[in-house]
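Chains as they are written, first to last, in my numbering: chain S, 104 to 297; chain Z, -11 to 174; chain G, 12 to 180.
The C-beta atom is built at its ideal place from N, Cα and C for all residues, glycine as well.
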């Protein structure tokens, strides 16, 4: 495993054994890196939705790689083909790898057939964040929405994914809900599979 | 009340919240990819990564100071040791060593034995001039500037470029005394 | 108890040192003399405008620090009066008391200054200021939407600070 003990030189990255994903860094190191991702992208945009889109793009790249890694590690290379299967893969396996825990909840939208929601009381990327008033509904969770979209897209479930704050009764802080709206083709395929 | 003794990097790392290094590594990869798209020129990407590291350094220093109980950073030698032994450990969970001190104690090398930034990374031919880990040199420069040490940090060895280790040279240029910040007394 | 948005701040807050004290105001300055935060809980008297007030406070601390280091009978590292010191060099005072208030002061090696003005009977607040520094690290330094050197507009920090300072008051 690279990163543990002696460093070996590999002429080709494919010869390098894939790490098992047990290494850790401090949450702060991630928080500082993430801060700089946000700060840099703020200099590249004119408005909040553009900022969210860029954070989502960065997240998408992470999501695509996470899917590759997990498929590779899960020796069977089994691919999820059903909607609920892939959703629970995101909600539990992906969440556990990235955030160290299963997401708080996975729910189906009540108003729309094609919508699902993954919610988290204390989403890692929002842990230290206070959104200033002039940034309106901006949510750093756009990055996580991008990760989810990257995983879903890579697995053949294209969707529009967005992040929202939802105030919770009895809690000082709103929770973050990742809203997944699947593309029509996904639902049609799902209907065919019965 | 005697000041509390500085805590070791291991003690801090084991007591703080941690995340899977892959989230960190892949996020960093996404940042580098964004910069390559935005800036095109590899040299500009190197510069931007260094700047981003600097921006991180000026924030991260306070976490370092608050968690490590270090109450002063006046001596450069001591400070370089702190960065290697406490700083790298408490943030990245890796150890670094300090070597190659020059005669007057104002220049040394920090050698990384492990580097969580580079997992899964191989530089494509189009990015051969890229200093992929340039953010690290910026972090050190920014953090040291906050404790009044102006430094120059340069890569000596880089495994992604075929060297056998990661080595950063840290050179103290000057120590900035604290000045009264206001120009006139209105 | 969910005081700080579910986050754990280590170390945990020190036990209050005084009974029935009253926090009046708090200032946080960065190393460039920029007042990052000014909070007031109980200040009946205002004689200056905010900007003059902050500048005067910063100047008072700057001079006092230099004077106390100059008068140090023990430590050799004191420099000449008026000659700038390196941060962390020389001794440093941590509080002074008048008949009407007490000023507690902490400066980090990164040049951030925390000042808390309280009732003159307040005990030692050094651990309190350290804890506030930890709050700053969690909710200001690590807040991706905070730009260093600007006014602190972080709700999480302000709420946590408010609750904490009221708890010692």
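Within chain G, the residues that residue i reaches when beta carbons sit closer than 8 angstroms
i                     : result
residue 131 (chain S) : 153
residue 134 (chain S) : 153, 155
Proximity to residue i [Cα-Cα], best of the options
i                     : options                    : result
residue 162 (chain Z) : Z:66, Z:95, Z:118          : Z:95
residue 147 (chain G) : G:54, G:79, G:129, G:125   : G:125
residue 282 (chain S) : S:200, S:234, S:247        : S:247
residue 63 (chain G)  : G:166, G:170, G:49         : G:49
residue 46 (chain G)  : G:61, G:54, G:56           : G:61
residue 93 (chain Z)  : Z:54, Z:81, Z:158, Z:25    : Z:158
residue 70 (chain S)  : S:217, S:177, S:233, S:125 : Residue numbering for chain S in the displayed model covers 104 to 297; residue 70 (chain S) lies beyond these limits and cannot be assessed.
residue -7 (chain Z)  : Z:30, Z:16, Z:60, Z:33     : Z:60
residue 210 (chain S) : S:200, S:221, S:204        : S:221
residue 11 (chain Z)  : S:141, S:162, S:259        : S:162
residue 300 (chain S) : S:267, S:184, S:252        : Limits of chain S in this structure are 104 at one end and 297 at the other, which puts residue 300 (chain S) out of reach.
residue 131 (chain S) : Z:123, Z:15, Z:7           : Z:7
residue 138 (chain S) : S:199, S:242, S:172, S:285 : S:242
residue 126 (chain Z) : Z:115, Z:142, Z:112        : Z:142
residue 130 (chain Z) : Z:24, Z:41, Z:31           : Z:41
residue 104 (chain Z) : Z:89, Z:115, Z:97, Z:124   : Z:124
residue 23 (chain G)  : G:165, G:68, G:142         : G:142
residue 57 (chain Z)  : G:115, G:145, G:85         : G:145
residue 250 (chain S) : S:134, S:143, S:166        : S:166
residue 151 (chain Z) : Z:112, Z:99, Z:171, Z:132  : Z:99
residue 34 (chain G)  : G:40, G:53, G:43           : G:53
Neighbour-count burial assignment, residue i, 16 or more Cβ in a 10 Å radius
i                     : result
residue 269 (chain S) : exposed
residue 117 (chain Z) : exposed
residue 263 (chain S) : exposed
residue 105 (chain S) : Low confidence applies here, because residue 105 (chain S) scores a pLDDT of 33, under 50, leaving its location unreliable and the question unanswered by this model.
residue 154 (chain Z) : buried
residue 296 (chain S) : exposed
residue 236 (chain S) : exposed
residue 108 (chain S) : For residue 108 (chain S), the predicted model reports a pLDDT of 33, less than 50, meaning its position is unreliable and no value from the coordinates is stated.
residue 166 (chain Z) : buried
residue 199 (chain S) : exposed
residue 38 (chain Z)  : buried
residue 82 (chain G)  : exposed
residue 274 (chain S) : exposed
residue 171 (chain G) : buried
residue 244 (chain S) : buried
residue 152 (chain S) : exposed
residue 181 (chain G) : Examination of residue 181 (chain G) is not possible in this model, given that chain G is present from 12 through 180 alone.
residue 240 (chain S) : exposed
residue 146 (chain Z) : buried
Chain-ordered neighbours of residue i on chain S, where CB pairs are closer than 7 angstroms
i                     : result
residue 167 (chain G) : 233
residue 78 (chain Z)  : 129
residue 43 (chain Z)  : 139, 142
residue 137 (chain G) : Here the premise fails: no neighbours, minimum Cβ distance about 24 angstroms.
Under 7 angstroms from the C-beta of residue i: neighbouring residues of chain G
i                     : result
residue 53 (chain Z)  : 119, 120, 121
residue 169 (chain Z) : 43, 44
residue 137 (chain S) : 155
Per-residue contacts from residue i into chain Z (C-beta, under 7 angstroms)
i                     : result
residue 159 (chain G) : 46, 47
residue 176 (chain G) : Within chain Z, no residue comes near residue 176 (chain G); the closest Cβ sits about 18 angstroms away, beyond 7 angstroms.
residue 266 (chain S) : The premise fails here: residue 266 (chain S) is roughly 16 angstroms from chain Z at the closest Cβ pair, so nothing lies under 7 angstroms.
Where residue i meets chain G, residues with beta-carbon distance less than 9 angstroms
i                     : result
residue 238 (chain S) : 156
residue 141 (chain S) : 155, 156
residue 58 (chain Z)  : 120
Chain-ordered neighbours of residue i on chain Z, where CB pairs are closer than 9 angstroms
i                     : result
residue 73 (chain G)  : 166, 168, 169
residue 172 (chain S) : 10, 14, 108
C-beta neighbour in chain A for residue i, strict 7 angstroms
i                     : result
residue 145 (chain G) : In the structure shown, chain A does not exist; the protein chains are S, Z and G.
Proximal chain Z residues relative to residue i, where beta-carbon distance stays under 8 angstroms
i                     : result
residue 273 (chain S) : Under the 8 angstroms cutoff, chain Z gives no residues; its nearest Cβ is about 24 angstroms from residue 273 (chain S).
residue 168 (chain S) : 14, 17, 108
Under 9 angstroms from the C-beta of residue i: neighbouring residues of chain S
i                    : result
residue 19 (chain Z) : 136, 139, 140, 143, 161
_the region 150 to 161 of chain S touching the region 101 to 110 of chain Z, judged by at least three CB pairs closer than 8 angstroms_ = no
*Considering only residues of the region 28 to 94 of chain G, which uninterrupted beta strand (DSSP E) runs meet the minimum length of 3 residues and lie entirely inside it, listed in chain order?*
34 to 40, 46 to 51
Exercise for review: Could you name each continuous beta strand (DSSP E) segment of 3 residues or more that falls completely within the region -2 to 40 of chain Z, going from the start of the chain to the end?
Suggested key: 6 to 8
contact_flag[the region 60 to 75 of chain Z, the region 131 to 149 of chain Z] where n(CB pairs < 8 angstroms) is 3 or more: yes
**Study point:** Complete alpha helix (DSSP H) runs within the region 209 to 236 of chain S (minimum length 4 residues, chain order)
**Key:** none
Original post:
Taking contact to mean at least 3 C-beta pairs separated by less than 8 angstroms, is the region 73 to 80 of chain Z in contact with the region -4 to 3 of chain Z?
Top reply: yes
So does the region 276 to 296 of chain S actually touch the region 207 to 222 of chain S, counting three or more Cβ pairs closer than 8 angstroms? yes
Let me know the beta strand (DSSP E) ranges lying completely inside the region 87 to 166 of chain Z, each 3 residues or longer, listed in chain order.
-> 95 to 100, 137 to 145, 154 to 163
Quiz item: For the region 127 to 137 of chain G against the region 1 to 20 of chain Z, are there 3 or more C-beta pairs whose distance is under 8 angstroms?
Solution: no
Contact between the region 171 to 190 of chain S and the region 29 to 49 of chain Z (3+ Cβ pairs under 8 angstroms):
no
Between the region 142 to 159 of chain G and the region 227 to 235 of chain S, can you find at least three pairs of beta-carbon atoms closer than 8 angstroms?
yes
Does the region 187 to 205 of chain S come close enough to the region 109 to 129 of chain G to have 3 or more Cβ pairs within less than 8 angstroms? no
* For the region 248 to 297 of chain S, list the alpha helix (DSSP H) runs that are entirely contained and at least 4 residues long, ordered along the chain. => 287 to 296
Within the region 52 to 93 of chain Z, note down every full beta strand (DSSP E) run reaching 3 residues or more, in order along the chain. 84 to 87
Ranges of the alpha helix (DSSP H) found wholly within the region 137 to 163 of chain G, counting only runs of at least 4: 137 to 147
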